[in-house]
Amino acid sequence: MEDVSDPPFRALCKEQGADVVYTEFISSEGLIRDAAKSVIKLDIYEKERPVGIQIFGAELDSMLQAVDIVEKSNPDIIDINFGCPVKKVVCKNAGAGILRDIPLMVKLTEAMVKRTKLPVTVKTRLGWDTNSIKIVEVAERLQDVGIKAISIHGRTRVQMYKGEADWKPIAAVKNNPRMHIPVFGNGDVDTPEAAVRMRDDFGLDGAMIGRASIGNPWFFKQVKHYFKTARHLAPPTMEERVEAARRHLQMAIDWKGEKLGVFETRRHYTNYFKGIPHFKEYRMKMVTSDDAADVFAAFDEVLEKFGDFQFA
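Quick note on numbering: UniProt numbering labels position 19 of the sequence shown as 19, and the sequence is numbered without any gaps.
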């Protein structure tokens, strides 16, 4: 969720029912070098709580120094990312790359747990590839060194985001009689029905929502409504979507300035306005303009032209 789960987006998700939010993942090496792009990701606000700061890396000293730096931001949780499949992360043995070295994964985790009084959680994947799935054993070992919860994406690193997520091995972790910490599922929770299946059919303690929330902060409210009623919540109106897009852009500008604020909110607009016919002209204005005034003007045009559009 790099360049996605920043404070403006987290604020919108929290308003729409997200129980816990996490920062974008932050490089331990970037933090100890005081790299501006990494340090700014430590910004958290009271209205977000409970909030976790997620860090990644593979060097013990760097990860421990990063823990010390992160603690000063006073998050509620420190989360270790052992799941990112992106090549530039994996090639440094970080993220999902560490799934090729489980002893190092456990060693890093144990040292970080001992370093802080904050609860430490882990996000990971099933394994490096289908021939190396040992997630039941891995989860148990991570629990034994002190993590307070684990989130598991139902794919291997080799799969990246292809194919369907397999939740059965995650359920096997939850059903391991030695496990007593919460086990959360991740991957393909893109409908309220999927969230219900993860809870009721697989017995997991919760779902970690990522891609389904991009440009769709209402997803959390929709899931909770479905849990309570078994009925779908009416989709947000055009006015609600435009208002959310406006607020998102303005908060992003207030937080990181116009240039980055405009650039980093672009990826959300396709989903904010998904399903509107003949929308390309307006989408292009939103995602190509470097001027915030032009983007706000495009929102106004959309509301004027499509204000009566009924979303399915």
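Idealized CB from N, CA, C, for every residue including glycine.
| query | result |
| --- | --- |
| DSSP three-state call for Lys123: helix, strand or coil? | strand |
| Terminal residues of the continuous beta strand (DSSP E) containing Gln54? | Val51 to Phe56 |
| In the DSSP assignment, find the beta strand (DSSP E) that holds Phe184 and state where it starts and stops. | Val183 to Asn186 |
| Out of curiosity, what's the CA-to-CA distance linking Lys280 and Phe299? | 13 angstroms |
| Is DSSP giving Met208 helix, strand or coil here? | strand |
| In three-state terms, what does DSSP make of Tyr45? | coil |
| Could you work out which residue in Ala245, Ile133 and Pro236 is closest to Phe309 when comparing CA atoms only? | Pro236 |
| Alpha carbon to alpha carbon, what distance is there between Trp218 and Leu60? | 39 angstroms |
| Please state if the CB of Gly57 and the CB of Ser28 are separated by a distance shorter than 8 angstroms. | yes |
| Our contact map puts Tyr45 next to Pro8 with C-beta atoms below 8 angstroms; I'd like the distance itself, whole angstroms only. | About 10 angstroms separates the two Cβ atoms, so there is no contact after all. |
| Looking at Leu126 and residue 314, is the spacing between their C-beta atoms short of 8 angstroms? | Residue 314 lies beyond the stretch modelled for the chain, which goes from 1 to 312, so this question has no answer here. |
| Indicate whether Glu264 and Gly307 have their beta-carbon atoms separated by less than 8 angstroms. | no |
| So what does DSSP say about Ala293, is it helix, strand or coil? | helix |
| Buried or exposed for Ala161, going by 16 or more other Cβ atoms inside 10 Å? | Going by the sequence as given, residue 161 is Tyr instead of Ala. So Tyr161 counts as exposed. |
| Using three-state DSSP, classify Ile276 as helix, strand or coil. | coil |
| What did DSSP end up calling Ser5 once you bin it into helix, strand or coil? | coil |
| Tell me whether Cys91 is buried or exposed, calling it buried when 16 or more other Cβ atoms sit within 10 Å of its Cβ. | exposed |
| Tell me, which residues are paired with Ile26 by DSSP? | Ile55 |
| Under 8 angstroms, with one C-beta from each stretch per pair, do the stretch 135-143 and the stretch 173-182 reach the 3-pair mark? | yes |
| Count the C-beta pairs between the stretch 264-273 and the stretch 282-291 that are closer than 8 angstroms, then say yes if the count reaches three, no if not. | yes |
| For Asp144, which of helix, strand or coil comes out of DSSP? | helix |
| Run through DSSP, which three-state label would Phe82 get? | strand |
| Tell me whether Pro103 is buried or exposed, calling it buried when 16 or more other Cβ atoms sit within 10 Å of its Cβ. | exposed |
| Taking the alpha-carbon positions, what's the Ile135 to Ala149 distance? | 14 angstroms |
| Let me know the secondary structure DSSP gives Ala195 once reduced to three states. | helix |
| What separation, rounded to the nearest whole angstrom, lies between the Cα atoms of Phe220 and Gly206? | 12 angstroms |
| Is Pro50 buried or exposed, if buried means 16 or more other CB atoms sit within 10 Å of its CB? | exposed |
| So, do the stretch 164-178 and the stretch 83-97 have three or more beta carbon pairs nearer to each other than 8 angstroms? | no |
| Can you give the Cα-Cα distance for Ser62 and Tyr22, rounded to whole angstroms? | 21 angstroms |
| Can you give the beta carbon distance from Ile78 to Ile55, rounded, assuming they're within the 8 angstroms contact cut? | 7 angstroms |
| Which same chain residues, not among the five before or five after Gly30, have their C-beta less than 6 angstroms away from its C-beta? | Ser38 |
| Taking Ile32 as the reference, give the member of Gln16, Val67, Lys47 and Glu15 with the closest Cα. | Val67 |
| Let me make sure I understand the geometry here. Which of Gln159, Ala195 and Phe202 has the alpha-carbon closest to that of Asn175? | Phe202 |
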